[in-house]
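Residue numbers (our numbering): 29 to 297. Even for Gly, the Cβ is constructed at its ideal location relative to N, Cα and C. Model, not experiment: these values are computed from the prediction.
Dropping the structure here:
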């Protein structure tokens, strides 16, 4: 088993904003004008720019729409090849694996089990270390997959920074995301570039501190394709370094026993 500390080497490169765990029943209670979607409770509506909010609504529509996002139950993906996970958005169940290490965890109860080669190691120091880190792992890894759906999340202040161009020269609107009293690293800042022609996020820049002038990294969001009812991007290339999320899948049903399996499972299609 690889040292677990290596599993979080990319964790600092994401904004750790908690995602809402709700199913279609709750989604039906939300109402909004056509072409918009309701902000999460705690979104900084007063401190955010109306133009930035309008662009966020266009992003949601371009990626499948609010109803499609809320009603999609399971998301599966590999995080840069090293970790594979399946998230049940309705129940908060999270199945995570790397090599022969497997964990089944509930994001609401913060309880779960850890297995190494099929053997329960939950009560061991190594197992407890995994359990303690599963919430940050989920926050980090899921944000890299679905950040464009979270532009109006709890704690977010969304600012319009003007027009710009992506690394590939496409005309874009630049949004800034800052955070108030939310997640593990609220001091982060992001710039999100939205293609003016497609309304899809095509680039983001990460600033460890909101006051930083230069980003720690700038990455593309590209290689979009339809997964279930959602448009999701696999490409996360840096300027000269290819990188991607693989095995992306969205599903309403999965085989029985997947979320409680003690060993690595077949990846969702």
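Return the residue from the list the options that minimises the CA-CA distance to residue i.
| i | options | result |
| --- | --- | --- |
| residue 64 | 237, 268, 83 and 98 | 83 |
| residue 232 | 176, 70 and 273 | 176 |
| residue 258 | 169, 288, 80 and 89 | 89 |
| residue 75 | 288, 292, 130 and 184 | 184 |
| residue 135 | 160, 174 and 262 | 160 |
| residue 120 | 170, 95, 73 and 155 | 170 |
| residue 108 | 264, 163 and 144 | 264 |
| residue 228 | 158, 149, 69 and 85 | 85 |
| residue 252 | 244, 230 and 138 | 230 |
Tell me the rounded alpha-carbon separation between residue i and residue j.
| i | j | result |
| --- | --- | --- |
| residue 78 | residue 114 | 35 Å |
| residue 298 | residue 132 | Because residue 298 is not part of the residues shown, which for the chain are 29 to 297, the question remains open. |
| residue 140 | residue 187 | 38 Å |
| residue 207 | residue 180 | 11 Å |
| residue 87 | residue 201 | 11 Å |
| residue 288 | residue 91 | 30 Å |
| residue 50 | residue 147 | With a pLDDT of 46 at residue 50, under the threshold of 50, the predicted position of this residue should be treated as unreliable, and no value is reported. |
| residue 98 | residue 271 | 28 Å |
| residue 254 | residue 142 | 32 Å |
| residue 182 | residue 66 | 11 Å |
| residue 225 | residue 268 | 24 Å |
| residue 152 | residue 283 | 30 Å |
| residue 156 | residue 117 | 24 Å |
| residue 72 | residue 178 | 13 Å |
| residue 162 | residue 192 | 37 Å |
| residue 166 | residue 172 | 10 Å |
| residue 52 | residue 96 | Since pLDDT at residue 52 reaches only 47, below the 50 mark, its modelled position is unreliable, and the value read off the structure follows with that caveat. So the two alpha carbons sit approximately 10 Å from each other. |
| residue 154 | residue 145 | 14 Å |
| residue 290 | residue 130 | 6 Å |
| residue 215 | residue 164 | 16 Å |
| residue 128 | residue 112 | 11 Å |
Opposite residue i in the DSSP bridges: which residues?
| i | result |
| --- | --- |
| residue 97 | Beta-bridge pairing links residue 97 to no other residue. |
| residue 199 | 193 |
| residue 304 | The requested residue 304 is not part of the displayed model; the chain covers only 29 to 297. |
I'd like to know if the stretch 115-128 and the stretch 213-223 are in contact, where contact means that at least 3 CB-CB pairs between them fall below 8 Å.
no
Pairs of beta-carbons, one from the stretch 103-118 and one from the stretch 270-283, closer than 8 Å: are there three or more?
Yes: the two stretches touch, three or more of their Cβ pairs being nearer than 8 Å.
When you compare the stretch 243-257 with the stretch 194-201, are there three or more beta-carbon pairs, one atom per stretch, that lie closer than 8 Å?
yes
Counting only runs that start and end within the stretch 223-282, where is the beta strand (DSSP E) found for 3 or more residues in a row?
Unbroken beta strand (DSSP E) stretches of 3 residues or longer found wholly inside the stretch 223-282: 229-235, 245-248, 250-255, 258-263 and 274-279, given in chain order.
Please go through the stretch 62-149 and give each complete beta strand (DSSP E) segment of 3 or more residues, from N-terminal end onward.
102-107, 111-116, 121-126, 129-134 and 139-144
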